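Take a look at the structure below.
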Amino acid sequence: MDFRLVATDMDGTLLNTHHEVPEKFWDILKQMREKGIAFAPASGRQLATLQKQFQHVGEPISYIAENGTVVAHNGEIISLTTLDNDTVHSIIDAVRASEIDMGVVVCRPERAYVERNDDAFRAEGLKYYVSIEEVKDLHEAVNNEVIKVAIFTFQDAEKDCAPIIRAAAPNANVVVSGQHWVDVMDPSANKGQALAKLRDALGLEESQTLVFGDYLNDTELIKAAGKSYAMSNAHPDILELADEIAPSNVDEGVVVVLDKLLNS
2 MDFRLVATDM
12 DGTLLNTHHE
22 VPEKFWDILK
32 QMREKGIAFA
42 PASGRQLATL
52 QKQFQHVGEP
62 ISYIAENGTV
72 VAHNGEIISL
82 TTLDNDTVHS
92 IIDAVRASEI
102 DMGVVVCRPE
112 RAYVERNDDA
122 FRAEGLKYYV
132 SIEEVKDLHE
142 AVNNEVIKVA
152 IFTFQDAEKD
162 CAPIIRAAAP
172 NANVVVSGQH
182 WVDVMDPSAN
192 KGQALAKLRD
202 ALGLEESQTL
212 VFGDYLNDTE
222 LIKAAGKSYA
232 MSNAHPDILE
242 LADEIAPSNV
252 DEGVVVVLDK
262 LLNS
């Protein structure tokens with residue numbers, strides 16, 4: 002396969018159980034750059050978080066952040082997809098009214114906002130949002146630049162949280178992005194659309210893209226690629242959808258596959 006762009010999900014895919022990029026990946030990235038292959042992390046994480054994780058390797062690097070609502074290339078944001086204010090307010094109200102143990106993160110391009118301030122919730126939020134601010138009333142953080150609403154639950158996101166959020170935001174794209182996370186975006190926003198925008202910016206064809214994913218928010222990413230790999234630890238739906246199965250994130254499956262492809 003003549004691939005020229007690699008996009009990989011982060012949590013459960015590239016990152017290990019300590020939420021770190023495997024040390025061997027940096028040599029893989031160096032090899033890709035030498036061969037003129039572009040790379041983009043494609044994550045539900047915010048842009049600032051991804052930039053911090055990859056800051057020591059410098060440009061050129063592209064980013065698909067906030068589940069596809071933000072696409073950055075060569076240090077500039079080339080695509081931004083916002084969520085309508087009414088939907089954001091509705092989600093905040095629904096979470097406040099629910100008996101399910103949940104907390105809301107309102108995401109804007111430069112910063113994330115929370116009103117829940119207990120240590121357990123903040124610890125989970127800080128894993129994914131390095132640029133985050135606490136406010137007294139989340140409704141006040143809503144403006145025309147909200148790109149995503151993330152909801153964390155200490156219960157099961159797919160069973161307990163998602164139905165409530167889908168009822169509150171029937172016209173939005175509601176995706177389960179992890180065991181405890183649900184993300185809400187504009188209906189046009191997903192990782193697959195973001196991959197297409199980045200691919201077009203690079204002047205590449207779909208057949209030249211290679212992707213890795215593990216969870217339901219990777220569905221469109223898998224569908225939009227020329228070649229797709231699901232991690233062996235992936236959600237059953239993703240395992241069925243992908244072209245190939247890679248070793249698990251614990252076994253550094255992204256590194257294993259790319260090393261084989263680059264050096265075969």
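What the sequence shown shows, in my numbering, is residues 2 to 265, in sequence order. All C-beta atoms, glycine included, are put in the ideal place defined by N, C-alpha and C. Every value quoted in this text rests on a predicted model; they were computed, and no experiment measured them.
Residue i to residue j span [Cα, whole Å]
{"i": "Ala195", "j": "Glu206", "result": "14 Å"}
{"i": "Leu211", "j": "Ala142", "result": "37 Å"}
{"i": "Val106", "j": "Glu134", "result": "10 Å"}
{"i": "Val150", "j": "Gly126", "result": "12 Å"}
{"i": "His19", "j": "Ile152", "result": "22 Å"}
{"i": "Asp252", "j": "Val22", "result": "12 Å"}
{"i": "Gln265", "j": "Gln52", "result": "Correcting the residue type first, residue 265 is Ser in the shown sequence and not Gln. Approximately 31 Å between the Cα atoms of the pair."}
{"i": "Thr50", "j": "Ile65", "result": "12 Å"}
{"i": "Glu245", "j": "Gly227", "result": "12 Å"}
{"i": "Asn144", "j": "Met33", "result": "39 Å"}
{"i": "Cys162", "j": "Arg97", "result": "12 Å"}
{"i": "Phe55", "j": "Glu35", "result": "17 Å"}
{"i": "Ser63", "j": "Asn75", "result": "6 Å"}
Boundaries (first-last residue) of the alpha helix (DSSP H) holding residue i
{"i": "Gly55", "result": "Residue identity check: residue 55 is Phe in the sequence provided, not Gly. That run of the alpha helix (DSSP H) goes Leu48 to Phe55."}
{"i": "Pro164", "result": "Ala163 to Ala169"}
{"i": "Asp184", "result": "Not the alpha helix (DSSP H): Asp184 falls in the beta strand (DSSP E), residues Trp182 to Met186."}
{"i": "Lys261", "result": "Gly254 to Asn264"}
{"i": "Ile223", "result": "Thr220 to Lys224"}
{"i": "Ile62", "result": "Looking at the DSSP string, Ile62 is not in any alpha helix (DSSP H), and its letter there is neither H nor E."}
{"i": "Glu116", "result": "Here Glu116 belongs to no alpha helix (DSSP H), and DSSP marks it neither H nor E."}
{"i": "Leu196", "result": "Lys192 to Leu203"}
{"i": "Leu242", "result": "Pro237 to Leu242"}
{"i": "Leu211", "result": "First-last for Leu211: Thr210 to Gly214, but that is the beta strand (DSSP E), not the alpha helix (DSSP H)."}
{"i": "Lys31", "result": "Phe26 to Glu35"}
Residue i Cβ short of 6 Å to the ligand GDP heavy atom set
{"i": "Ala142", "result": "No copy of the ligand GDP occurs in the structure displayed, which carries no ligand at all."}
Among the options, nearest to residue i - alpha-carbon criterion
{"i": "Ala41", "options": "Arg112, Ala98, Lys192 and Arg117", "result": "Lys192"}
{"i": "Asp238", "options": "Ser178, Val255 and Thr83", "result": "Ser178"}
{"i": "Ile166", "options": "Phe155, Asn144 and Asp184", "result": "Asp184"}
{"i": "Ser99", "options": "Ala169, Glu60, Arg123 and Ala226", "result": "Ala169"}
{"i": "Leu139", "options": "Arg109, Ala225 and Tyr64", "result": "Arg109"}
{"i": "Thr83", "options": "Ala202, Leu16, Glu146 and Asn172", "result": "Glu146"}
{"i": "Tyr130", "options": "Arg46, Ser208 and Arg5", "result": "Arg46"}
{"i": "Val176", "options": "Glu221, Ala197, Gly76 and Ser132", "result": "Glu221"}
{"i": "Ala73", "options": "Asn172, Leu48 and Ala247", "result": "Leu48"}
{"i": "His57", "options": "Ile223, Glu24, Gln209 and Ala247", "result": "Glu24"}
{"i": "Asp1", "options": "Asp157, Pro171, Phe4 and Lys128", "result": "Any question about residue 1 goes unanswered here, given that the chain covers just 2 to 265."}
Cβ separation of residue i and residue j, assumed to be a contact under 8 Å, to the nearest whole Å
{"i": "Asn174", "j": "Pro188", "result": "5 Å"}
{"i": "Lys137", "j": "Glu116", "result": "7 Å"}
{"i": "Ser229", "j": "Ala243", "result": "4 Å"}
{"i": "Asp215", "j": "His236", "result": "7 Å"}
{"i": "Leu199", "j": "Ile148", "result": "The Cβ separation is near 16 Å, so there is no contact."}
{"i": "Asn17", "j": "Asn218", "result": "With a Cβ gap of about 19 Å, Asn17 and Asn218 do not count as contacting."}
{"i": "Leu15", "j": "Ile38", "result": "Between Ile38 and Leu15 the Cβ distance is about 15 Å, and since that is not below 8 Å, they are no contact."}
{"i": "Ala202", "j": "Ile79", "result": "6 Å"}
{"i": "Asp120", "j": "Phe155", "result": "13 Å between Cβ atoms; not a contact."}
Boundaries of the beta strand (DSSP E) in which residue i is found, first to last residue
{"i": "Gly174", "result": "The sequence shown places Asn at residue 174, rather than the Gly named in the question. Note, Asn174: beta strand (DSSP E), Asn174 to Val177."}
{"i": "His90", "result": "Premise fails: His90 lies in the alpha helix (DSSP H), Asn86 to Ala98, not in any beta strand (DSSP E)."}
{"i": "Glu67", "result": "Counting along the chain, Glu67 falls outside any beta strand (DSSP E), and DSSP gives it neither H nor E."}
{"i": "Glu77", "result": "Glu77 to Leu81"}
{"i": "Lys137", "result": "That residue, Lys137, is in no beta strand (DSSP E); it is neither H nor E in DSSP."}
{"i": "Ala41", "result": "Ala39 to Pro42"}
{"i": "Ile148", "result": "Run containing Ile148: none; DSSP gives neither H nor E here."}
{"i": "Asp229", "result": "Per the sequence shown, the amino acid found at residue 229 is Ser instead of Asp. Ser229 -> beta strand (DSSP E) spans Lys228 to Met232."}
{"i": "Thr9", "result": "Leu6 to Thr9"}
{"i": "Ala142", "result": "Run containing Ala142: none; DSSP gives neither H nor E here."}
Any chain D beta carbon closer than 7 Å to residue i
{"i": "Ile101", "result": "Among the chains of the structure shown, chain D does not appear; only one protein chain is present."}
Three-pair Cβ contact test at 8 Å for the stretch 6-19 versus the stretch 42-55
The answer is yes - the stretch 42-55 touches the stretch 6-19, with three or more Cβ pairs under 8 Å.
Decide yes or no for the touch test of the stretch 85-98 against the stretch 58-69: beta carbon pairs closer than 8 Å, at least 3 of them.
no
Cβ contact (3+ pairs, closer than 8 Å) linking the stretch 256-265 and the stretch 20-35
yes
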